[in-house]
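S.K.: Letter by letter, the sequence shown follows residues -41 to -1, 1 to 261 in mature numbering (1 follows the signal peptide of the UniProt record, and there is no 0).
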Amino acid sequence: MAQRYNSGLGWADVTPKAGWLNRRHLMMTMGAALAASPALAATGPYSTDEAPNSLEDITSYNNFYEFGFDKTDPAAHAGKLTTSPWAVEVDGLVDRPGSYDLVDLLKGLPVEERIYRFRCVEAWSMVIPWNGVQLSHVLDRVGVQPGAKFVQFTSLARPEEMPGVKAGLLDWPYREGLRMDEAMHPLTLLATGIYGEPMPNQNGAPIRLVVPWKYGFKSAKSLVKITLTDRMPYTTWNALQPKEYGFYANVNPEVDHPRWSQASERRIGAGLFASRVDTQKFNGYGDLVADLYKEQDLARDY
Ligand SMILES: Nc1nc2c(c(=O)[nH]1)N[C@H]1C(S)=C(S)[C@@H](COP(=O)(O)O)O[C@H]1N2
Ligand SMILES: [Mo]
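#1: Which residue wins for smallest C-alpha separation from K30, given the options L68, E81 and W196?
#2: Once you ignore the five residues that flank residue 265 on each side, which residues in its own chain have a CB closer than 8 Å to its CB?
#3: Any contact between the stretch 148 to 166 and the stretch 14 to 33? By contact I mean 3 or more CB pairs, one from each, below 8 Å.
#4: What residue range is occupied by the uninterrupted alpha helix (DSSP H) comprising L64?
#5: Hey, how far is the Cα of E119 from the Cα of E254?
#6: What residue from R190, I227 and V236 has the CA that sits closest to P212's CA?
#7: Check whether the Cβ of V80 sits closer than 7 Å to any heavy atom of ligand 2, and report yes or no.
#8: Measuring straight from C-alpha to C-alpha, what distance separates G175 and P217?
#9: Using 8 Å for Cβ pairs, my map puts T7 next to Y75. What's the rounded Cβ distance?
#10: Any heavy atom of ligand 1 inside 7 Å of the beta-carbon of F23?
#11: Measuring only the C-alpha atoms, how far is residue 304 from L65?
#12: Quick check: the Cα distance between M(-15) and K202, rounded to an integer number of angstroms?
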């Protein structure tokens, strides 16, 4: 189903490292001149000005069960993953379904840098500078039909390259989903890189979802399929343990996981002593997303 790249575009074109570095340089220059105005360090209206984690942190402590349960398994085993060519199938309630070469699917869409907080349901967190395109732009490109109410995302399940798939650790393929208004929200990203570099394999190369106001498990990695549907889709963790992992999975310090508190989180890499920070409702993105849930009881629709 995959086609060879024939567009002449490579990852350097969709992940503009040079632009990122130039802006970084500019920001640092501005930062030196305007040290009293830290808000200027943000790269856009959606980015946090909190210090990003190091690439080392981001690529050495991961959840990617296709490569094993341990946090170090993805870094140890994802190196062999083949990510080119890569096709994404788009199906269901869309005007232009099909198997799209990834480069064609993204061609011409604005690649943005977004520094987001990222909060795992296991109560650890990081700050990650993603590069990617808004999911809404891709959905507009394929033409969402009026009957579509949800989107399902399917990750790659390739036993020859993924020891956790071969071992049957979960009900593969990994699947996640969003309601249509969540999918169309400008914060929702299809990320293709980190720190201006192509997405590291262990973080979900070559393209993964990032939904920063929800627990990390919603942000499915290494996507091979996007399905528009009229009903709430099957999602992997919710199907496995519905009482522990809701479909919505909005970050919420007021609703504990049955086995641990969600009131605070461990910020990875924050040093020997620092590291415990209060969890914010919607992971701090409430001013942008709380309206999506104003008719809902978030303790019930967890
Ligand atoms: N396909 C797939 N996607 C996945 C996972 C996974 O195991 N498989 N783990 C999820 C969980 S629980 C988290 S916290 C994040 C981790 O992303 P990171 O390793 O880039 O920080 O990926 C999410 N997406
Ligand atoms: Mo997670």
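C-beta: ideal position from N, C-alpha, C; glycine also.
M.R.: Considering the structure as presented:
#1: Along the sequence shown, read from residue 1 onward, the residue named residue 30 stands at position 71. The shortest C-alpha separation from K30 is found at E81.
#2: No statement about residue 265 is possible, as the shown extent of the chain runs from -41 to 261 and does not include it.
#3: With contact defined as three or more Cβ pairs closer than 8 Å, the stretch 148 to 166 and the stretch 14 to 33 are in contact.
#4: Numbered from 1 along the sequence shown, position 105 holds the residue referred to as residue 64. In the DSSP annotation of this structure, the continuous segment of the alpha helix (DSSP H) that includes L64 starts and ends at L61 to L65.
#5: Sequence index remark: in the sequence shown, residue 119 carries index 160 (1-based). Sequence index remark: in the sequence shown, residue 254 carries index 295 (1-based). So the two alpha carbons sit approximately 45 Å from each other.
#6: Taking the first residue of the sequence shown as 1, we reach residue 212 at position 253. It is V236.
#7: Numbered from its first residue, the sequence shown carries residue 80 at position 121. For ligand 2, at least one heavy atom lies less than 7 Å from the Cβ of V80.
#8: Stepping through the sequence shown from its first residue, residue 175 is reached at position 216. Stepping through the sequence shown from its first residue, residue 217 is reached at position 258. Looking at the backbone, the Cα of G175 and that of P217 are separated by about 17 Å.
#9: As a position in the sequence shown, residue 7 is number 48, starting the count at 1. As a position in the sequence shown, residue 75 is number 116, starting the count at 1. Taking 8 Å as the upper bound for CB-CB distance, T7 and Y75 are in contact here, some 7 Å apart.
#10: Residue mapping note: residue 23 aligns to position 64 of the sequence shown, counting from 1. Residue side-chain check: F23 places its Cβ nearer than 7 Å to a non-hydrogen atom of ligand 1.
#11: The structure shown does not extend to residue 304, since the chain is modelled only from -41 to 261, so the question has no answer here.
#12: Residue numbering aside, residue -15 sits at position 27 when the sequence shown is read from its first letter. Residue numbering aside, residue 202 sits at position 243 when the sequence shown is read from its first letter. Low per-residue confidence applies at M(-15): pLDDT is 42, beneath 50, and the placement is therefore not dependable, though the value from the model is reported in the following sentence. Each residue's Cα considered, the two are about 44 Å apart.
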